[in-house]
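Order-wise, the sequence lines are chains A and B. Each residue of the first sequence is one higher than the one before, counting from 10 in our numbering. Each residue of the second sequence is one higher than the one before, counting from 23 in our numbering.
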Amino acid sequence: MLSRIAESLFWLARYIERAEGTARILDVNYHMLLEQSQQSYHLRWEPLIIMAGEEDRFRKLYDEVNAENVFEFLAFSQANPSSVVECISKARENARTIRDRISREMWEDINGLYHAVTRFVPQEEIAAGPHRFCDTIKFGAHRFHGVTDATMPHDEGWEFLRVGWSLERAEMTARLVDVQYHNLLDGPPAADALDNHQWMAVLRSVGAYEAYHREYHPPIEPEKVAEMLILHHQHPHSIRFSAAEVQGGLRAISGSGRGSYANEAERLAGRLVDRLSYDKIGEIFKQGLHGYLNDLVQMCGAIGDDIARTYFYYAVVA
Amino acid sequence: MGAIQPPTVNRGLFEGYDTGNFYDEMFAAPGQPRSQYTKLFQKLATMAAGQFEERRKLADLSFLIQGITFTVYSDGRGTERLFPFDLIPRILPHSEWERIDRGLSQRVMALNLFLQDVYGAQNIFKDQRIPRSLVYSCPHFRREMIGVEVPRGIHTHICGIDLVRDSKTGEFCVLEDNVRTPSGVSYVLENRIVMTRTFPDAFQACEVLPVNHYPAELSRILRSLSPRGEDDAQIVLLTPGIYNSAYFEHSFLAQQMGIELVEGRDLIVDGGIVYMKTIRGLKRVDVIYRRVDDEFLDPLTFRADSILGVPGLMGAYRAGSVALANAVGNGVADDKAIYAFVPEFIRYYLGEEPVLRSVDTYICARPDDLAYVLGHLPELVVKAVGESGGYGMLIGPASETKRIDEFRERIRANPRNYIAQPVIPLSRVPSYDATEGSVAGRHVDLRPYCLYDGEKVTIVPGGLTRVALQSGSLVVNSSQGGGSKDTWVLRGEE
C-alpha cells in the first residue's frame, strides 16, 4: 500500500471521529444547560473552547463566550480548522484522494454526508439549537463506520482506519474528562447537584449514560464517571478501550505478536495500554487527574508522530 | 418551417420540436425520426412529461452522490461541478460507425508513424511533405525525445479524436486530434451505467453495442509495455491530484483497471529505476499511465517549478527502465497547424486515401493564409495551436468587434501560434431544457476513444457525445458549460 494512501485513510478516520466527538459534546452541553440558571449557563461554554485547544483563535473572532458564538465556532466556522464542517470537508477530501482504494459505498456515504452538512444554513441552525445538526453528524459518522465495516476488506488499509479513529477517540475522551475538572483543582470534586448534571451530560456525550447505570449504582459520582471513561475495558469510548484498538491495529499492520513490538509507535501504544490496564482510579486522583490526562494526550500525540515516521514519511536511503 | 402536421401521431415531448437549419441527428424532417431512432422515439413520445422529468432528476442525483464532477478553474478556487448529462441519447447506425472506425484507425496509425518518424529517421522532412520549421516550432515539440526508442514503437496508446457532423454535407469530419492525455472516457462509461438504470426498456428494444470493455483493453496494452515482462508488471496511473479537472476519471480508471493511483510525490527515481513509496518500503514501477502533461513530468528535464512530476523520470524513460503512456512529445502530432497535414501523413505513411475528411485550415504561419485570415476574422473560427479544452479560441460570427480586434493583434504578434477554420454548422440532437421543460435542438460533437496496441486500433463503439447546452452555442467543452449524452451504436441495421 502506498504511504500516501495509508496516511489518507488514517486522517479520513481521525477527521470523522473528531467531527463526531465535537458534535456530541455540543449537543449534550447545549441541552443540559437549558435546565440551568443563566449565570452558570454562560460559564459552561468556556470549557468547550479550551477542550478544542482553540482559545486564542476564538478570542480573536468573538467578543463574548456564549452559546451562539461557541456553536458557530465549533460547528461551522471556516476559520476553525477543527470545526465540524471543516472536519467533514477534510475527511471527504481525504476520501476523494483515495476513492479508488475505498469501496464505492464508503465514498458515496461520505460524499453524501458532506453534501448534507454543507447544506445547513448556520444562522438557522443556531437559532433552532444544535440538535438537528449534531444528529446528522452523529448518525452520519455511525453509518460511515458501519458501511466501512461491511464493505471494505479488513486488510491493512482498514487497520489504518481503525488506528486513526481509535487514536482520535482516545484523545477526545481524555480532553473531555479533563475539561470537566477544569475549574476544580486536582483531587476529587464535591458532588453537588450542579455537577451531577454535568456528569450526566459527560456520560451522554459519549453514549455511556445507560452503560454507567448498569455498572454503578446511583448517585452519579465523578470518580466513577472518570473510571468508566478512562479505565473501562469494554466501553468503546473509554481511553483504555481505544488505546487497545490502536495497539491491535498497529500489530495487525506490522504482524508483530504479543509482547513484542516492531516500531516506536507500537512500543508506546503497548506502554499506554499497560498503564491503563493496571492503574486504579483512586491513585490517579491522588497524583492528580489533570496531570494524568495530560500525559495520556501527550502519549497519543507521540504515537501519531511515530506512525507518520514509520509508515508515511520514512527516510528513503538511496 | 411551421408546416402543420396531422394530429394523428402522438409526439409527446417532441411536440413542436424545430429541427432548424441544421442536420438533426434524430429527425430527418419534423416529426419523422431517422430509422435508427424509430424505437426510441416511440418510447419517449409516449412518455408523460412528468415521467421524463422524474427520470432526469434521478439521473442527476446519481451523478451527484457518486461525485462524478469536474473542476473549473476560472473562479480561482477550483469548484466542483456536475458535468451536465442529457438523457436523450445520440444514436449512430452501424454502417456509419463502421466507416468512422475505419477512418479513425487509419488516422491513429498515421499519427503514430509520424511521431516515430519525427523523433527518429525524419524521412518526412527529407521527402519534403511537411516543412521541418513548422514541426520544430510546435510548442509541444520535445527535442529530448529525438532518438528515443519507445516501448514497442507506440507513441499514441490512447487518442481522443474529435469529430463533428457538418450540417451542410451531413458528413462526419475530423475537427481535432488529441493524442497527449485525452480525457472524458470515464463519462462514456458512467453515462452508460446511468442510462441503463434510467431507461432499461429502451436498451432492450434498441440493441446497443456495449462499451465497458475499455478499461480491460487499456490495461492489456499497458501491461504489454512492461520492461520486466507482463507477469510482474507494476502499473500505475500518475495523476496531478484531486484539484485536476479530470481527477474523477483518474481514480475511476485506476479502480477499474485495478492499478495503483499515484501522485508525483509517491514516486522516486533511484539509479535509473522508478519506485513508489509504500508502507513496506520502495517498490519498483514498470509502466506509468500518466495523466500529467509533458512539461510537468520531470522538473529536471522540463519545468523546474513542477511539483506534480518526478525528478529523474525522463532519464529512466529514455533508458527504457520504465514505460510511459502516452509517449512524451506527442503534442507535435495534435498541434492545430500540423492537423492540416494529417491527410498527407495518411497518404505518405500508409499509401491510403483518408476515409474521414478534415476541416479546411488556414495556417497563419503562411503569409498568404495570414492575409486571408486577418481579412475575414468575423466569419472564421480562430484557435491557438497548442491549446485544448476550448481555451484560446475565437468564434468570429459570435464575437464582438472589440474581441475580434484583440485577436487580430494577437495573431499579428505571433502568427505561428494560430490557425483559422470556417465555422462548421454542427449537427444537432434534441436535448431537454430543464428550465423550459421542453426539448430543443442542441449542437453536438463526438469524441471516440482509440486504443492502439502497436498492431491494431480498438475503438469502443460510440464515444463521448458532448453537447452545447446553451441555445445556439457551438462550444461543447465541459470547461465552457457543455454537457454530454450517451452515444449508442446499434448492433445491426434498422
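Think of the CB as a built atom: it goes at the ideal place given N, C-alpha and C, for glycine as much as any other residue. Note that the coordinates shown come from a computational prediction; the quantities given were computed from them, not determined experimentally.
Counterpart residues of S506 of chain B in DSSP-defined beta bridges: Answer is B:F107, B:R488.
Short-range partners of chain A found in the region 277-290 of chain B, where Cβ spacing is below 8 angstroms: Result list: Q277, E282, L283, V284, E285, R287, D288, I290.
Of the listed residues B:V314, B:A338, B:D40, nearest to G331 of chain B (C-alpha basis): Of the candidates B:V314, B:A338, B:D40, the one whose C-alpha sits nearest the C-alpha of G331 of chain B is B:V314.
Cβ distance (whole Å) where V497 of chain B is taken to contact G504 of chain B below 8 angstroms: Confirmed, Cβ separation roughly 7 angstroms.
Candidates B:E229, B:S380, B:A393, B:T509, of which the one nearest G193 of chain B by Cα: Per the sequence shown, the amino acid found at residue 193 of chain B is Glu instead of Gly. Measuring from the Cα of E193 of chain B, the nearest candidate turns out to be B:S380.
Residue burial classification, P483 of chain B (beta-carbon count within 10 angstroms, cutoff 16): Its Cβ being crowded by 16 or more others within 10 Å, P483 of chain B is buried.
CB contact below 7 angstroms: K405 of chain B versus chain A: Output row for K405 of chain B: interface = no.
Cβ-Cβ distance between L247 of chain B and V309 of chain B below 7 angstroms: Result yes, Cβ atoms of L247 of chain B and V309 of chain B sit closer than 7 angstroms.
Burial state of T527 of chain B (16 or more Cβ within 10 Å): Outside the modelled stretch of chain B, which goes from 23 to 516, sits residue 527 of chain B, for which no answer is possible.
Neighbour-count burial assignment, T203 of chain B, 16 or more Cβ in a 10 Å radius: With a threshold of 16 other beta carbon atoms within 10 Å, T203 of chain B meets it and is buried.
Classification of V186 of chain B by the beta-carbon crowding that lies within 10 angstroms, buried from 16 upward: So V186 of chain B counts as buried.
Residue span of the beta strand (DSSP E) that contains Y440 of chain B, given as start and end: Y440 of chain B -> beta strand (DSSP E) spans 440-444.
Supposed close pair H465 of chain B, S495 of chain B - CB separation, criterion 8 angstroms: 7 angstroms between Cβ atoms; contact.
First through last residue of the beta strand (DSSP E) which encompasses V186 of chain B: Where V186 of chain B is concerned, the enclosing beta strand (DSSP E) stretches over 180-188.
Sequence-distant residues of its chain with Cβ nearer than 7 angstroms to V377 of chain B (five each side left out): Setting aside the 5 residues that flank it on each side, V377 of chain B is surrounded in the same chain by R121, R124, G125, Q128, each with a C-beta closer than 7 angstroms to its C-beta; the list follows chain order.
Cβ separation of G459 of chain B and A71 of chain B, assumed to be a contact under 8 angstroms, to the nearest whole Å: Correct: roughly 7 angstroms between the Cβ atoms.
Chain A contact for I329 of chain B (CB, 7 angstroms cutoff): Cβ-Cβ to chain A under 7 angstroms: no for I329 of chain B.
Residue from B:F367, B:L86, B:G414, B:L346 with nearest C-alpha to Q150 of chain B: That would be B:F367, whose Cα lies nearest to the Cα of Q150 of chain B.
From A:G155, A:N75, A:V188, residue whose alpha carbon lies closest to that of I135 of chain A: Each of A:G155, A:N75, A:V188 was checked against the Cα of I135 of chain A, and the nearest Cα belongs to A:N75.
Element boundaries [beta strand (DSSP E), containing K299 of chain B]: Where K299 of chain B is concerned, the enclosing beta strand (DSSP E) starts and stops at 295-300.
Proximity test, Cβ basis, 7 angstroms: G121 of chain A and chain B: Yes, contact with chain B.
Proximity to G280 of chain B [Cα-Cα], best of A:I111, A:V130, A:M115: Considering only alpha carbons, the answer is A:I111.
Secondary structure, alpha helix (DSSP H): runs of 4+ residues fully inside the region 402-478 of chain B: For the region 402-478 of chain B, whole alpha helix (DSSP H) runs of length 4 or above, ordered along the chain, are 423-435.
Residue burial classification, Q87 of chain A (beta-carbon count within 10 angstroms, cutoff 16): Burial call: exposed.
C-beta neighbour in chain A for I264 of chain B, strict 7 angstroms: I264 of chain B counts as touching chain A.
CB-CB length for V354 of chain B against V157 of chain B, believed under 8 angstroms: Yes, they are in contact, since the Cβ atoms of V354 of chain B and V157 of chain B sit about 6 angstroms apart, within 8 angstroms.
Candidates B:V344, B:C228, B:G182, B:I329: closest to E252 of chain B by CA position: It is B:V344.
Within chain B, partners of M10 of chain A - CB distance below 7 angstroms: The CB of M10 of chain A comes closer than 7 angstroms to the CB of T300, I301 in chain B, given here in chain order.
Rounded distance between the beta-carbons of E26 of chain A and G178 of chain A, thought under 8 angstroms: Residue identity differs from the one stated: residue 178 of chain A is Arg in this sequence, not Gly. The beta-carbon distance between R178 of chain A and E26 of chain A, rounded to whole angstroms, is 5 angstroms. This is short enough to meet the 8 angstroms contact definition.
Extent of the continuous beta strand (DSSP E) run through A347 of chain B: Boundaries of the beta strand (DSSP E) around A347 of chain B: 345-347.
E547 of chain B versus R77 of chain B: straight-line alpha-carbon distance, rounded: A question about residue 547 of chain B goes unanswered here, because the residues of chain B that appear run from 23 up to 516.
Beta-carbon contacts of H140 of chain A that lie in its chain and below 8 angstroms, excluding the five residues immediately before and after: If we look at H140 of chain A and ignore the five residues flanking it on each side, its Cβ neighbours are D36, Y39, H40.
Boundaries of the beta strand (DSSP E) in which K305 of chain B is found, first to last residue: From DSSP, the beta strand (DSSP E) with K305 of chain B extends over 303-306.
Opposing strand residues paired with V284 of chain B [DSSP bridges]: Looking at the DSSP assignment, V284 of chain B forms a beta bridge with B:L260.
Neighbour flag for T145 of chain A against chain B, beta carbons, 7 angstroms: Output row for T145 of chain A: interface = no.
Spatial distance of C160 of chain B from Y141 of chain B (CA atoms): The C-alpha of Y141 of chain B is placed about 13 angstroms away from the C-alpha of C160 of chain B.
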